[in-house]
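Below is one structure; the comments refer to it alone.
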Amino acid sequence: MPSVSDASIAVVVQPQGRSALAQGGVDRLVVHRTPVVHSRPPQGSRRSGLGGHRADHEKRNQAAGAYGERCATRHLIGAGLRPVARNWRCLDGEIDIIAWDGPVLAFCEVKTRRGDSFGTPAEAVVPAKARRLRGLAARWLAETGTTAEEVRFDVLSVRLPDAGRAQVDHLKGAF
C-alpha cells in the first residue's frame, strides 16, 4: 500500500534583480513541499531485488540460525556447561540457550553468520538487545523460580564457512 511523506523538499532562491544576485543578496526564499509516494514493488518483480525468493531466503536464514544454535549447544556441553533450556520464549522475546556453568547461570545469545559482510556475529548484539536479554532473564528466573549464586550473559558467535566445520567462539560475560 502506498504511503505519502513530505520527504521531498525543494528550495528555490529567487533574487530580486541582477544587482542582488551580483552582491550575493537574496530578497526572497521560496520553499516547495512535494509529497512523495512510496510504494513497495510487487513481490518477485525485478525492482524488488529479490526475484521472488524472499521466503526461500528467510527459510535459509532460519535454518542457518537453528544449525548455529545446535553447534553452540554442543560447544557449551563440550566446555562443561549444562544446558537447561533452549529457545525459551515469552511475549517479550526469546532466550537462545540457558545453561549452568557450575554455580553460575549463563544466559546465552547465539549469533550465526555465513560471512562478515554484515559484521562479526558478536557485533550484532547491540545495547538494546543486551537490555532485552537482561529483562528476559529476570522474567525466566521469576517464572521458573530458579535461583543462582551468579548470573552471566554470554554471546556465542557461530561462523558457517562455505566448506568445513562451523567455528564457535564463546564470549563469557559479554555484557
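In this note's numbering, the protein residues as written are 0 to 174. A virtual CB, placed ideally from N, CA and C, is assigned to each residue, including glycine. Keep in mind it's a predicted model, so treat the numbers as computed, not measured.
Just how far apart, CA to CA, sit residue i and residue j?
i, j, result
"V35", "G92", "Residue confidence for V35 is low, a pLDDT of 40 falling below 50, so the modelled location carries little weight; the figure read from the coordinates is stated next. Whole-angstrom Cα-Cα distance: 35 Å."
"T237", "I94", "It is not possible to answer for residue 237, since the shown part of the chain is limited to 0 through 174."
"S116", "C89", "31 Å"
"K128", "L75", "21 Å"
"A141", "A78", "27 Å"
"G172", "G118", "20 Å"
"V83", "R53", "34 Å"
"R59", "C107", "22 Å"
"G163", "L135", "34 Å"
"L170", "P126", "16 Å"
"R138", "D168", "27 Å"
"I85", "H56", "For the record, residue 85 in the displayed sequence is Arg; it is not Ile. Those two C-alpha atoms are separated by around 24 Å."
"A65", "F152", "20 Å"
"R130", "F174", "9 Å"
I believe residue i touches residue j by the beta-carbon criterion, under 8 Å. Please report the beta-carbon distance rounded to the nearest angstrom.
i, j, result
"V157", "V109", "6 Å"
"L80", "A62", "Contact flag wrong, Cβ pair sits at about 24 Å."
Indicate the three-state DSSP secondary structure (helix, strand or coil) for residue i in the structure shown.
i, result
"R164", "coil"
"A173", "coil"
"E68", "helix"
"E122", "helix"
"E142", "helix"
"D91", "coil"
"A147", "coil"
"V35", "Confidence is the limiting factor: at V35 the pLDDT is only 40, short of 50, which leaves the residue's position unreliable, though a coordinate-based value still follows. Three-state result, V35: strand."
"L132", "helix"
"R59", "helix"
"L80", "coil"
"R113", "coil"
Out of the options, which one is the CA nearest neighbour of residue i?
i, options, result
"P160", "A98, R53 and R112", "R112"
"Q166", "F174, D95 and R69", "R69"
"L132", "D55, V103, I96 and E57", "I96"
"G101", "A162, A147, P126 and R164", "A147"
"T145", "E122, R130, V103 and A121", "V103"
Is it buried or exposed for residue i, if we count other Cβ within 10 angstroms and need 16 for buried?
i, result
"R154", "Arg is not the amino acid found at residue 154; the sequence shown has Val there. When all chains shown are included, V154 counts as buried."
"V124", "buried"
"G114", "exposed"
"A98", "buried"
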